[in-house]
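Each remark here refers to the structure printed beneath this line.
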Amino acid sequence: MGGLDAVERGPLPSDASATSDSGSAAGESDHPSVAALRAKFGDAIQGDTVHAGDQTVVWIDPARSLEILTWLKDDPGQKYDMMSDVTGVDYGGGRPVEVVYQMFSTTHKRALRIRCKLPLDALEIDSVVGLWVGANWLEREVYDLFGVTFKGHPDLRRILMPQDYAEGHPLRKDFPLRGRFSRAEQTRRALAQDVERFYGPEELVEGGAPQQVAARSEPAEGEG
Amino acid sequence: MAERTIELNVSRNPEMGVDGLPKASPLAPIDIAEPDLGTEEMLINIGPQHPATHGVLRLICELDGETVVDVTPDIGFLHSSFEKLGEYRTWNQIVTLTDRMDYLAPLIYNCAYVMSVEKLMGIEVTERCKVVRVIIMEMDRIFGHLLWLGTTAIDVGAFTPFLYAFQQREKIYKLHESLTGARITTSATRVGGMMADLPEGWIDQLNDFLDHFPNTLGEIDRLLTGNQIHIGRTQGVGVIGADEAINYGLTGANLRAAGVDYDVRKDQPYYDYETYDFEVPIGEHGDCYDRYLCRMEEMRQSVRILRQAIDRLPGGPINVQDPNISLPSKTDCMSDMESMIHHFKLITDGIPAPEGDCYMAIEGSKGELGMYVVAEEGGTKPVRWRIRPPSFVNLSAIPKLARGHLVSDLIMINASLDIVLGEIDR
Chain A
0 MGGLDAVERG
10 PLPSDASATS
20 DSGSAAGESD
30 HPSVAALRAK
40 FGDAIQGDTV
50 HAGDQTVVWI
60 DPARSLEILT
70 WLKDDPGQKY
80 DMMSDVTGVD
90 YGGGRPVEVV
100 YQMFSTTHKR
110 ALRIRCKLPL
120 DALEIDSVVG
130 LWVGANWLER
140 EVYDLFGVTF
150 KGHPDLRRIL
160 MPQDYAEGHP
170 LRKDFPLRGR
180 FSRAEQTRRA
190 LAQDVERFYG
200 PEELVEGGAP
210 QQVAARSEPA
220 EGEG
Chain B
0 MAERTIELNV
10 SRNPEMGVDG
20 LPKASPLAPI
30 DIAEPDLGTE
40 EMLINIGPQH
50 PATHGVLRLI
60 CELDGETVVD
70 VTPDIGFLHS
80 SFEKLGEYRT
90 WNQIVTLTDR
100 MDYLAPLIYN
110 CAYVMSVEKL
120 MGIEVTERCK
130 VVRVIIMEMD
140 RIFGHLLWLG
150 TTAIDVGAFT
160 PFLYAFQQRE
170 KIYKLHESLT
180 GARITTSATR
190 VGGMMADLPE
200 GWIDQLNDFL
210 DHFPNTLGEI
220 DRLLTGNQIH
230 IGRTQGVGVI
240 GADEAINYGL
250 TGANLRAAGV
260 DYDVRKDQPY
270 YDYETYDFEV
280 PIGEHGDCYD
290 RYLCRMEEMR
300 QSVRILRQAI
310 DRLPGGPINV
320 QDPNISLPSK
330 TDCMSDMESM
340 IHHFKLITDG
350 IPAPEGDCYM
360 AIEGSKGELG
370 MYVVAEEGGT
380 KPVRWRIRPP
390 SFVNLSAIPK
400 LARGHLVSDL
410 IMINASLDIV
420 LGEIDR
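These protein sequences, in sequence, are chains A and B. For the first sequence, numbering that gives the first Met the number 0 gives the first residue as 0, with consecutive numbering after it. For the second sequence, numbering that gives the first Met the number 0 gives the first residue as 0, with consecutive numbering after it.
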């Protein structure tokens, strides 16, 4: 097996035992927000656990995410006023893509991580830009790299990849490391690009703007 | 366009008053025919290749004359898909990707990454390693701030601070080089410790730097802090309030300049930062000048932390004494069968991680630097490795900061946010 086979194939699939639902994993959290969330929203809280020693993770129902996050931001007992990070996780193998919200409360000096599982055939969730403006670019990045649509986002465009990128969403596990298109196809597309998208018509005709600039730098007649 | 005739009724030799200023003379009202100026807004590109954007950043400015109506940043020119590459590399192989993101303070990135992996795996690094990492992180905070200071001063026309700052940066480059063998791409950390212990005489070299650096910083301070031009260019420019700054997700000096007391080193302490004696400078106006003052003070506080860390630097091993995490020494590897097996397993397989995820935030030189790693049970590679780039979130506030200012202020605002495009585009 050549070294590059692994690159084409992608990361090794994990065995079935590792695919267990991490939301129901053991590890009761004593984070005050978890009990409050369970009391307030009940069934919409799908699970919670403690990861990495002291980090509380809560899985919530994506259909009610906006309602829950609004409460977490505005409730005086929670006050998660800083949205540190919005990102996505794709486990591959047809498992749901997860959207991860990492929040911090500057009032109570507490951090909380909220995760939402989105099935692959319904990759959409409510945008939180109306709550935290800082989530604007973070959500655009998740849209760009995972293909998750944020409903109600004011400006949902690609952000890191080019606007006309046609190969899909690169951080999905089914996306090969070297891109979907062959090198030949990538070259063909680059060469077939329409130059008029980048240059105005006056710059493309002979004697257009660049030549005029060159002429102006020459010494004027009758000087010296 | 209508012909424009302007005749100013100004005497060539105005009479001087007793205060040495020209006497106010009643000027005849100037009659200027209203010129037929265009009123449409103009689109101007700044960048992607422009020295004042501090990297390959493109700012699409909508201008009304010289006033910025709106600005749309366009990023992604330096996108290197580090996060995707990380999914194909073992935990230790990713370290080399991290310093390529913030090449202005690479050691902070090296440390932040391994800290998140260690927290995920539940590895407790040695006391010596903790202090060494504090030293190199604070050193690189100065390193990153000095570049910001020099280039920002150039953006407002002051050239000398740039030379002073880069003279000091060169000393830190030398410290990088003797510590890691590289000046920028340091890759100094490993999961469970460091690539190598501090070389002999390194602390003396660092002490030498610390002896001279505050003087140079004082010189730069005298050149800029009370400078009329610098004050005129920065005070009241790019103002953001405290609540808004939090809502925009600003972190680091940009947030503290707005009057919010949030420093990851104090609020979510790591590596015993709560036992170090240092202050967190807080601004009150949230403008470019306060950001400048905060960063200047942060450098002085970093010097304080560095001196305390050098004093408490303990002996002992730098790496975790666990053969399943740290590589054995070359001598052991060549003479001892068991060490050789450990070496082979660590290189070929890597370190297995437990299932879970970990978000580790540290105070980088640009703001809250978060490293989020997700692993599956026994995974030797991350399922997802995510960097929460402080510059990315800080830059997203630039349309708010720049609206209504002049184009020249936009350059200053962009500089004052302290961005690095390697980290924004990743």
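We put the beta carbon where it would ideally sit given N, CA and C, even for glycine.
- With a threshold of 8 Å between beta carbons, residue 169 of chain A makes contact with chain B.
- Within chain B, the residues placing a beta-carbon under 8 Å from that of residue 158 of chain A are 74, 75, ordered along the chain.
- When secondary structure is reduced to three states using DSSP, residue 126 of chain B falls in the helix class.
- In the structure shown, residue 47 of chain B falls within a coil segment according to DSSP collapsed to helix, strand and coil.
- Proximity of residue 119 of chain B to chain A, defined by a Cβ-Cβ separation below 8 Å, is satisfied.
- Residue 59 of chain A carries a strand assignment under DSSP once its states are collapsed to helix, strand and coil.
- Within chain B, the residues placing a beta-carbon under 7 Å from that of residue 82 of chain A are 248, ordered along the chain.
- Closest in C-alpha terms to residue 393 of chain B, from the list A:82, A:141, A:165, A:90, comes A:82.
- Fewer than three pairs of CB atoms, one per stretch, sit closer than 8 Å, so the region 236–249 of chain B makes no contact with the region 331–345 of chain B.
- Using a Cβ-Cβ distance cut-off of 8 Å, the region 144–157 of chain B and the region 413–424 of chain B are in contact, since at least three pairs of beta carbons, one from each stretch, lie closer than that value.
- A straight line joining the alpha-carbon of residue 364 of chain B with that of residue 38 of chain B spans about 43 Å.
- Proximity of chain A to residue 402 of chain B at the Cβ level (cut-off 9 Å) is not reached, the minimal Cβ distance being about 14 Å.
- The beta-bridge partner set that DSSP reports for residue 50 of chain A consists of A:54.
- Among the residues facing chain A, residue 356 of chain B is included, as its CB has a counterpart in that chain under 8 Å away.
- Assigned with DSSP and collapsed to three states, residue 108 of chain B falls in helix.
- Look at residue 367 of chain B: its C-beta is under 8 Å from a C-beta on chain A.
- Put simply, the CB of residue 90 of chain A is near chain B, with a gap under 8 Å to one of its CB atoms.
- At a cut-off of 8 Å between beta-carbon atoms, residue 106 of chain A makes no contact with chain B.
- Taking the CA atoms as reference points, residue 189 of chain B sits about 17 Å from residue 371 of chain B.
- For a Cβ distance threshold of 8 Å, residue set 118, 121 of chain B lies close to residue 52 of chain A, ordered along the chain.
- Restricted to the region 323–398 of chain B, the beta strand (DSSP E) segments that are unbroken, complete and at least 3 residues in length are 355–362, 367–374, 383–387, listed in chain order.
- Interface criterion met: the Cβ of residue 83 of chain B is under 8 Å from a Cβ in chain A.
- Counting only residues of its own chain and dropping the five nearest sequence neighbours on each side, residue 209 of chain B has a CB closer than 7 Å to the CB of 302, 305, 306.
- Separation of residue 193 of chain A and residue 45 of chain B (C-alpha to C-alpha, rounded to the nearest whole angstrom) is 23 Å.
- Distances from the alpha-carbon of residue 290 of chain B to those of B:309, B:331, B:230, B:382 put B:230 closest.
- For residue 70 of chain A, not one C-beta of chain B is nearer than 8 Å to its own C-beta.
- Secondary structure of residue 116 of chain A (DSSP, three-state): strand.
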